[in-house]
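K.L.:
Quick note, the sequences are listed as chains A and B, same order. Residue numbering for the first sequence follows this note's numbering, starting at 555 and increasing by one per position. Residue numbering for the second sequence follows this note's numbering, starting at 555 and increasing by one per position. Don't be surprised by glycine CBs; every beta carbon is placed ideally from N, CA and C. Note that the structure is a prediction, hence the values are computed from the model and not measured. My questions all concern the structure below.
Protein chains: 2
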Amino acid sequence: MVNTSHPGNIGAAARVMKNMSFSQLYLVEPKSFPNAESTAMAAGADNLLHHAKVVNSLSEALSGCALVFGTTARTRKIKHTIVEPRQAALLTSQRIFAEQEKKSEANDIAFVFGRERTGLTNEEVDLCEKLINIPCNDQFSSLNVASAVQIMAYELFLALREYEKDKPPQTDSIQYLASHDELELFFEHLQKTLVDIDFFDPAINPQIMPKLRHLYHRSELKKQEVNILRGILTATLKASKN
Amino acid sequence: MVNTSHPGNIGAAARVMKNMSFSQLYLVEPKSFPNAESTAMAAGADNLLHHAKVVNSLSEALSGCALVFGTTARTRKIKHTIVEPRQAALLTSQRIFAEQEKKSEANDIAFVFGRERTGLTNEEVDLCEKLINIPCNDQFSSLNVASAVQIMAYELFLALREYEKDKPPQTDSIQYLASHDELELFFEHLQKTLVDIDFFDPAINPQIMPKLRHLYHRSELKKQEVNILRGILTATLKASKN
């Protein structure tokens, strides 16, 4: 939860998470935490609050994740892949079991929930591989942040239960997806190279990197593909220095 | 909502109902209503509170309904048919359209939510045709009543949307996709550049281009994105000749 204003919402989110068997809560710059109102609203999910990790930036919270979903109420002017909670839950359960299969250490999947009024900033959205939009009344689409957590947690509970029932072995293609950190290192390498070859100056054209991020996020890069792309960048740098 | 203790829960329920396009709220003997806390938690769904019907008994609220679902956290010692929210939503949408078809006057479907601590009494449960149990962590299964309303309203929103789906396909986003020819020119440009910077020799590594094609095909490149990528290739070639 990013920069949450109302402590009650943090407590309510902890409760609905525990209701649906989730426990890892990260708080990025909460306005007030810990807070008695959070504890009251948690209604027995205090342990989630005690173990919540308070961090200073979203990127700090996401480090080590296999996959990151952001949530947004806006669906226009967004270039990310936008999925609904049910589809996100399916993708998550597939990914979790694939990461377990290959005994990956980076097997956490993150769901990012923005500020009560203003959601996530563009920079925060750009750290997410996919976006989730919760379908609702478009005349009254402002969901309480704990409600959004509730709906996503509920869908995840159902999807994970399905997988526990009969784990399908068709996880081959997912096993080799690049992790969040590997993607971030690639984007860093990409930007450095593009600057070195005078393709662009991020200060003058700040929209280029977000566009490239969207493009590559959509294609769900595999580890091997990231290696190829970074190999190209290394060759590019080397050639440009001849 | 039957005999709700906390006014905040009534407001929160109104908000999540409106979020999911529902409007008919019945309050059976609420402890306190109207109440400023309800209005605060409704956060813009005040109209549902203004139009809420306050009644003295559950049977009064249910009069004229086609079908009544009760909600329960208990699943043992109950002889009712127990369904999950998703199945209840499907049954509801089927029933609503069947009632509309036959122009029935009794086409309302009710969802009954009990007291915060003790739920519905046996007598109240007996007024319901079916019971809904929300799947959750059986070690922490006490859902906030507004959360239960949220989950049910969300499932209903999705189920009703399914029934109204037969609409023309959205072609807007498709218009801006790169054409096959544009993609082929990009791949040609890409291969030429990679050979020029000594990244690979297609005769020695014939698998590289197919992998890159696959990666970019998956992301469904837009025309503008192809232009950016080709701009990068042009800058790469230029830098390598310095």
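Is there a Cβ from chain B that is less than 9 Å from the Cβ of leucine 769/A?
P.N.:
For leucine 769/A, the answer is yes, since a Cβ of chain B falls inside 9 Å of its Cβ.
K.L.:
So leucine 581/A packs on threonine 558/A, CB below 8 Å; how close in whole Å?
P.N.:
7 Å between Cβ atoms; contact.
K.L.:
Any contact between the region 619-628 of chain B and the region 642-649 of chain B? By contact I mean 3 or more CB pairs, one from each, below 8 Å.
P.N.:
Counting Cβ pairs under 8 Å, three or more are found: they touch.
K.L.:
Since valine 666/B contacts asparagine 563/B with CB under 8 Å, what's their CB separation in whole angstroms?
P.N.:
Contact flag wrong, Cβ pair sits at about 15 Å.
K.L.:
Output the residue ranges of the alpha helix (DSSP H) runs that lie fully inside the region 589-668 of chain A and measure 4 residues or longer, sorted by chain position.
P.N.:
Here the runs fully enclosed are 590-596, 600-604, 612-616, 639-655.
K.L.:
If you draw a straight line from the alpha carbon of alanine 757/A to that of valine 749/A, how long is it in whole angstroms?
P.N.:
Approximately 11 Å, taken between the alpha carbons.
K.L.:
Name the chain B residues whose beta carbon is nearer than 7 Å to that of valine 570/A?
P.N.:
Under the 7 Å cutoff, chain B gives Ser701.
K.L.:
If you measure from the beta carbon of isoleucine 564/A to each beta carbon in chain B, is any gap under 9 Å?
P.N.:
Not one chain B Cβ lies under 9 Å of isoleucine 564/A.
K.L.:
Using 8 Å for Cβ pairs, my map puts glycine 565/A next to threonine 626/A. What's the rounded Cβ distance?
P.N.:
No, glycine 565/A and threonine 626/A are not in contact; Cβ-Cβ is about 23 Å, not under 8 Å.
K.L.:
Within the same chain, show all residues whose beta-carbon is closer than 7 Å to that of aspartate 752/A, passing over the 5 residues directly before and after it, in chain order.
P.N.:
Cβ neighbours of aspartate 752/A beyond the five flanking positions: none.
K.L.:
When you compare only the Cα positions, how much space is there between alanine 707/B and leucine 612/A?
P.N.:
Roughly 31 Å separates the two Cα atoms.
K.L.:
Does any C-beta atom of chain A lie closer than 9 Å to the C-beta of arginine 784/B?
P.N.:
No, arginine 784/B lies away from the interface with chain A (no Cβ there is under 9 Å from its Cβ).
K.L.:
Are the CB atoms of serine 575/A and aspartate 735/A within a distance shorter than 9 Å?
P.N.:
Result no, Cβ atoms of aspartate 735/A and serine 575/A do not sit closer than 9 Å.
K.L.:
How big is the Cα-Cα spacing for alanine 793/A and valine 637/A?
P.N.:
Their backbone Cα atoms lie some 40 Å apart in a straight line.
K.L.:
List, in order along the chain, the chain B residues whose C-beta lies closer than 9 Å to that of leucine 766/A?
P.N.:
In chain order: Glu779, Ile782, Leu783, Ile786.
K.L.:
If valine 780/A and alanine 732/A are in contact, beta carbons under 8 Å, what's the gap, nearest whole angstrom?
P.N.:
Right, the Cβ-Cβ distance comes to about 5 Å (below 8 Å), so this counts as a contact.
K.L.:
Whose CA, out of Glu653/A, Ile688/A, Ala597/A, Glu738/A, lies closest to the CA of arginine 784/A?
P.N.:
Comparing Cα positions, the closest option is Glu738/A.
K.L.:
Please look up how many angstroms separate the CB atoms of alanine 643/B and leucine 744/B, rounded, as I've assumed it's under 8 Å.
P.N.:
48 Å between Cβ atoms; not a contact.
K.L.:
Residue range of the beta strand (DSSP E) that leucine 685/A falls in?
P.N.:
It spans 684-686 - the beta strand (DSSP E) in which leucine 685/A sits, taken as one unbroken run.
K.L.:
Output needed for serine 695/A: all residues of its chain with C-beta closer than 7 Å, excluding positions within five of it in sequence on either side, in chain order.
P.N.:
Result list for serine 695/A: Ala627, in chain order.
K.L.:
Within 10 angstroms of its Cβ, does serine 529/A collect 16 or more other Cβ (buried), or is it exposed?
P.N.:
Nothing about residue 529/A can be read from this structure; chain A reaches only from 555 to 796.
K.L.:
Throw me the rounded Cβ distance for the isoleucine 686/B and proline 760/B pair, which I believe falls under 8 Å.
P.N.:
Isoleucine 686/B to proline 760/B, Cβ: 58 Å. No contact.
K.L.:
Which of helix, strand or coil does DSSP assign to leucine 739/B?
P.N.:
Helix at leucine 739/B.
K.L.:
Provide the residue span of the alpha helix (DSSP H) that contains tyrosine 770/A, from first to last.
P.N.:
Tyrosine 770/A -> alpha helix (DSSP H) spans 762-772.
K.L.:
Valine 703/A and methionine 571/A - do their beta-carbons sit closer together than 9 Å?
P.N.:
Their beta carbons are under 9 Å apart, which means methionine 571/A touches valine 703/A by this criterion.
K.L.:
Just to check my reading of the structure: glutamate 683/A and histidine 771/A have Cβ atoms closer than 8 Å, yes? What is that Cβ distance to the nearest angstrom?
P.N.:
Indeed, because the Cβ distance is near 5 Å, the residues count as touching under 8 Å.
K.L.:
Grab the span of the alpha helix (DSSP H) containing leucine 712/A for me, first residue to last.
P.N.:
Per DSSP, leucine 712/A belongs to the alpha helix (DSSP H) from 699-719.
K.L.:
Out of Met555/B, Ile688/B, Asn573/B, which one is the CA nearest neighbour of aspartate 692/A?
P.N.:
For the residues Met555/B, Ile688/B, Asn573/B, the minimum Cα distance to aspartate 692/A belongs to Asn573/B.
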